[in-house]
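Structure first, then comments.
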Amino acid sequence: MIKHIILSGAALLSTTAIAPTQEAEPTDGQKSEVTEIWEPVPGTVETPEGEPPSDAVVLFDGTNLDAWESVDGGPAEWTVEDGAFTVARGTGDIRTTESFCDVQLHIEWRSPAETEGYDSQDRGNSGVFLQERYEVQVLDSFENPTYVNGQAASVYKQHIPLVNASREPGEWQSYDIIFKAPIFAEDGSLRSPAYITVLHNGVVVQNHVQVQGPTEWIGYPQYEAHDCAPISLQDHDADVSFRNIWVRPL
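Taking the numbering used here, I'd label the letters of the sequence shown as residues 10 to 259.
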């Protein structure tokens with residue numbers, strides 16, 4: 010009898026050992042569908058080779074300055090020639106006729122090939138001003154020592170570029186700028202500062218840096234409340250040229 014019980018128990022254990030194991034049903038947290046998002050579907054943007062994205066606002070297409078005006082509201086007097094426009098010295102800064110807040114900006118620029126007699130800040134100086142206040146410096150910084158928070162692709166007097174990606178004078182260069190505009194409270198106080206990312210000739214040189222306030226040549230910046238505002242280009246008494254300018258409001 011005892012022998013029979015032992016054999017029966019062994020058989021039961023053997024049956025249990027070879028019985029197929031049933032997998033437990035996955036919980037919601039174990040289903041891939043739980044973390045899949047299907048809507049809203051992002052819009053489609055066409056990106057033809059060498060062309061602005063289809064949703065961009067073209068600020069200069071090589072033919073005219075219709076999207077620009079002088080800072081006093083009159084016509085932009087800079088010179089358009091061969092698909093580019095060049096600073097007309099002494100005519101003053103120009104700005105877009107449209108105002109912008111957060112943007113992706115593409116702009117190409119060229120400093121004069123002739124550099125004899127010019128150095129430091131006198132060589133190919135201009136600037137790209139977001140909201141007419143926050144400057145990304147334009148300068149011939151190819152083998153041209155100057156204060157480093159004022160060289161090409163600096164956030165002028167605020168942030169030094171991570172590297173110097175400058176090309177030789179007379180060659181076309183590009184800036185791709187991501188700008189997050191500052192946000193102000195109803196009482197005019199600052200809720201969130203501006204941030205800028207800059208790619209110079211395709212190289213990241215400013216990585217989401219915090220802007221301390223409007224650009225100042227002398228003294229320290231301090232924010233003052235403002236709305237969306239134009240993009241402006243600086244007449245700094247140098248024959249700097251620009252082409253292929255477009256912007257995407259973000």
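Don't be surprised by glycine CBs; every beta carbon is placed ideally from N, CA and C.
Just so we're clear, the structure is a prediction, and the values are computed from it rather than from any experiment.
Y184 is bridged by DSSP to I116, H209.
By the CB criterion at 8 angstroms, Q221 and Y204 fall outside the cutoff.
Following the DSSP letters along the chain, one finds V137 inside the beta strand (DSSP E) bounded by residues 135-139. Within the region 148-202, the complete beta strand (DSSP E) segments at least 3 residues long are 182-189, 199-201, listed from N- to C-terminus.
Q231 counts as exposed, since fewer than 16 other beta carbons sit within 10 angstroms of its beta carbon.
Of the other Cβ atoms in all chains shown, 16 or more fall within 10 Å of the Cβ of Y143; this residue is therefore buried. Shortest Cα-Cα distance from N134 to any of S108, R104, S250, T106 involves S250.
In the DSSP assignment, E144 is bridged to F138. Residues W181, S183, R252, N253 of the same chain have their beta carbon placed closer than 6 angstroms to that of E117, with the five preceding and five following residues left out of the count. Taking every protein chain shown into account, the CB of N153 has 16 or more other CB atoms within 10 angstroms, so this residue is buried. For I227, there is no enclosing beta strand (DSSP E), as DSSP marks it with neither H nor E.
In the DSSP annotation of this structure, the continuous segment of the beta strand (DSSP E) that includes L68 starts and ends at 66-69. D111 is not a Cβ neighbour of K166, given a cutoff of 8 angstroms. Look at the beta carbons and you see the region 162-179 not touching the region 189-200: under three pairs across the two are nearer than 8 angstroms. Residue nearest to G136 within the set T56, S163, G92 is S163 (criterion: CA-CA distance). Secondary structure at E42: helix, using DSSP grouped into helix, strand and coil. An exposed status is given to T72, since fewer than 16 other beta-carbon atoms sit within 10 Å of its beta-carbon.
L148 and V214 have their C-alpha atoms roughly 14 angstroms apart. With respect to the C-alpha of A234, the residue from A174, V212, T124, P191 having the closest C-alpha is P191. Annotation for T56: P62 place their beta carbon closer than 6 angstroms to its own, counting only its chain and skipping 5 residues before and after. Here I240 is not bridged, per DSSP, to any residue. In this structure, S120 keeps its C-beta atom at 8 angstroms or more from the C-beta atom of P239.
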